[in-house]
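What follows is a short report on a single structure.
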Amino acid sequence: MNFENTEEAYRLKSNSELFRAYYLFRLISYPTLVALGSKITLLALKIKLPISNLFKHTVFKQFCAGTQKEDSIKLVQKLSDLKVNSYMHYAAEGLKTEEGMEISLEKTLETLSFSKGRPALPFTVFKSTSLGAFDLFEKKTSGKSFTPQEGQSWERCLDRMEQCCKKASELGVRLLIDAEETWVQGAIDAIAEDFMQRYNKEEAVVFTTVQMYRKDRLPYLKKLVQKAEEKGFKLGVKLVRGAYIEKENDRAERLGIPSPICENKKETDKNFDMALDFLLPKLETCRLFIGSHSELSILKVTDWMKENGLANNHPNLWFSQLYGMADHISFNLAASGYQVVKYVPYGPVREVIPYLIRRAEENTSVSGQTPRELQLIEKEIKRRKAKEVEV
Ligand SMILES: Cc1cc2nc3c(=O)[nH]c(=O)nc-3n(C[C@H](O)[C@H](O)[C@H](O)COP(=O)(O)OP(=O)(O)OC[C@H]3O[C@@H](n4cnc5c(N)ncnc54)[C@H](O)[C@@H]3O)c2cc1C
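Have a look at this one:
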């Protein structure tokens, strides 16, 4: 695999979009700026300041398809022309009321219906805490009991999640369940396992997400595989490193408890590699969806596939990157025949801001792949300029 082909990687980007990406990545590469900006933004959201316009033409344009489903559909088509599949998501994380959760449900069901029979849209996704209250997931995870009112609200949440899985199963569209903070993930894991056991009898429809920045996830994966083998269902796993590192470490420090997160990046990488070593030989039972922007992790998988004689388009292996990031991986993999799916979020600017903040935090120079993104975008800008001169 060669990820250096920038002409392939940025085919979809006009010159002005490429320049915008370049300046944006440069800006968000400053951790202090991002940390301060995130705090101010969250405060502005809380006191309902009109900040949408500030985001609309910058971070939003880079990481989101648009405000409406129709914007996503146009993008999905363009990606599909370049052999990159997509999964669409109404990424409005700000909807915390019962009414908001009903909207999230409606949008997920709508996306499921729209994805049916469209090979360019092989997956859909939901975030559990957009279908039920965060506090309830937290209470359930910690083993506390609900008040009667909370109990009713929890039943509605389970019903929303069930509706999504049932429809996914009926329509034959795979459904990813995102992983979230450890203090809500226990409840999400239990529900995801139950759904997989019930809906993944013949083929994996429901995929759970496993975050390998957690110290406890390798034994958990082993337990999951054993359960799938014993109970006779297909295990769908979206394997990621994990997106909530600062929140996790801050909370552990605040509560005076050991952090559930690996000590450093090297340990997380080791854990991620061990998960791959464990799951790759198990593709009979397991369907593996690798959500990563790490070239080393992707190369580890493509090398393994080659060594073990697996076709590039093996049906049980998927590679996925987020829209606006790691295009050099997505487009070069797709050009070589691997199954690639780009996560394509959309939604009202204000409601997707929490998602955008996570992307900005992930792209600061200390923790992310930004230097690599900048290097490749710069290379492509130079290539295009040289070509203009030639002409
Ligand atoms: C398609 C897709 C779906 C995703 N879905 C989810 C999801 O459902 N839930 C979720 O939580 N995340 C999700 N993510 C985000 C993901 O978990 C990572 O945050 C992100 O992809 C960066 O990791 P990486 O593998 O791309 O590469 P890298 O850039 O190599 O790794 C960065 C990651 O390493 C870890 N890390 C960095 N510094 C340290 C440190 N000091 N100590 C320990 N670990 C460290 C963190 O997890 C960090 O995000 C998804 C990502 C993709 C591409």
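In this note's numbering, the protein residues as written are 14 to 404. Beta carbons: idealized from backbone N, C-alpha and C, even for Gly. Remember, it's a predicted structure, so these values are computed and weren't measured experimentally.
heavy atom of ligand 1 below 7 Å from residue i C-beta
{"i": "H102", "result": "no"}
{"i": "Q334", "result": "yes"}
{"i": "E243", "result": "no"}
{"i": "Y356", "result": "yes"}
{"i": "T137", "result": "no"}
{"i": "K157", "result": "no"}
{"i": "Y351", "result": "no"}
{"i": "Q224", "result": "yes"}
{"i": "K313", "result": "no"}
{"i": "S307", "result": "yes"}
{"i": "T2", "result": "The displayed coordinates of the chain run from 14 to 404. Any statement about residue 2 would go beyond what the structure contains."}
{"i": "E375", "result": "yes"}
{"i": "S191", "result": "Before going on, a small fix: residue 191 reads as Asp here, not Ser. Yes; taking the cut-off as 7 Å, the Cβ of D191 has a heavy atom of ligand 1 nearer than that."}
{"i": "T281", "result": "yes"}
{"i": "S126", "result": "no"}
{"i": "V253", "result": "yes"}
{"i": "N277", "result": "yes"}
{"i": "S310", "result": "yes"}
{"i": "G79", "result": "no"}
{"i": "A105", "result": "no"}
{"i": "G249", "result": "no"}
{"i": "I270", "result": "no"}
{"i": "A256", "result": "yes"}
{"i": "I370", "result": "no"}
{"i": "I274", "result": "yes"}
{"i": "G199", "result": "no"}
{"i": "E360", "result": "For clarity, residue 360 is Gly in the given sequence; the question names Glu instead. No, since every heavy atom of ligand 1 falls outside the 7 Å radius drawn around the Cβ of G360."}
{"i": "G304", "result": "yes"}
Test item: CB-CB of residue i and residue j under 8 Å
{"i": "F220", "j": "R187", "result": "yes"}
{"i": "Y35", "j": "I390", "result": "yes"}
{"i": "E374", "j": "S65", "result": "no"}
{"i": "C178", "j": "L144", "result": "no"}
{"i": "V223", "j": "L189", "result": "no"}
{"i": "G360", "j": "N325", "result": "no"}
{"i": "T137", "j": "A181", "result": "yes"}
{"i": "C405", "j": "K228", "result": "This structure does not reach residue 405, given that the chain is present from 14 up to 404, and the question cannot be answered."}
{"i": "E106", "j": "Y336", "result": "no"}
{"i": "L88", "j": "A78", "result": "yes"}
{"i": "L237", "j": "M14", "result": "no"}
{"i": "L134", "j": "L25", "result": "no"}
{"i": "I41", "j": "T298", "result": "no"}
{"i": "N329", "j": "L296", "result": "yes"}
{"i": "V250", "j": "L289", "result": "no"}
{"i": "T281", "j": "Y233", "result": "no"}
{"i": "V402", "j": "T80", "result": "no"}
{"i": "Y100", "j": "V354", "result": "yes"}
{"i": "F12", "j": "T160", "result": "Here the chain has residues from 14 to 404 only, and residue 12 is not among them."}
{"i": "N345", "j": "N98", "result": "no"}
Residues that DSSP places opposite residue i in a beta bridge
{"i": "V219", "result": "L188"}
{"i": "V250", "result": "T221 and L301"}
{"i": "I274", "result": "R227"}
{"i": "Y359", "result": "G79 and Y103"}
{"i": "V365", "result": "In the DSSP output, where bridge partners are listed per residue, V365 has none listed."}
{"i": "V197", "result": "DSSP, once it has assigned bridges, lists no residue as partnering V197."}
{"i": "V354", "result": "N98 and S333"}
Residue i - DSSP class collapsed to helix/strand/coil
{"i": "N284", "result": "helix"}
{"i": "M101", "result": "strand"}
{"i": "R396", "result": "helix"}
{"i": "L315", "result": "Per the sequence shown, the amino acid found at residue 315 is Thr instead of Leu. Residue state, collapsed to three classes: helix."}
{"i": "S333", "result": "strand"}
{"i": "L137", "result": "In the sequence as displayed, the identity of residue 137 is Thr instead of Leu. Correct three-state label for T137: strand."}
{"i": "G113", "result": "helix"}
{"i": "K260", "result": "helix"}
{"i": "R372", "result": "helix"}
{"i": "L289", "result": "helix"}
{"i": "S182", "result": "helix"}
{"i": "G164", "result": "helix"}
{"i": "E206", "result": "helix"}
{"i": "L387", "result": "helix"}
{"i": "M338", "result": "coil"}
{"i": "L144", "result": "coil"}
{"i": "M174", "result": "helix"}
{"i": "K129", "result": "coil"}
{"i": "E119", "result": "helix"}
{"i": "P328", "result": "coil"}
Cutoff 8 Å: residue i Cβ touching any chain B Cβ
{"i": "L237", "result": "The chain labelled as chain B is not found in the depicted structure, where only one protein chain is given."}
Q | Whole alpha helix (DSSP H) elements within the segment 20-83, 4-residue minimum | A | Here the runs fully enclosed are 28-41, 44-59, 65-69 and 72-76.
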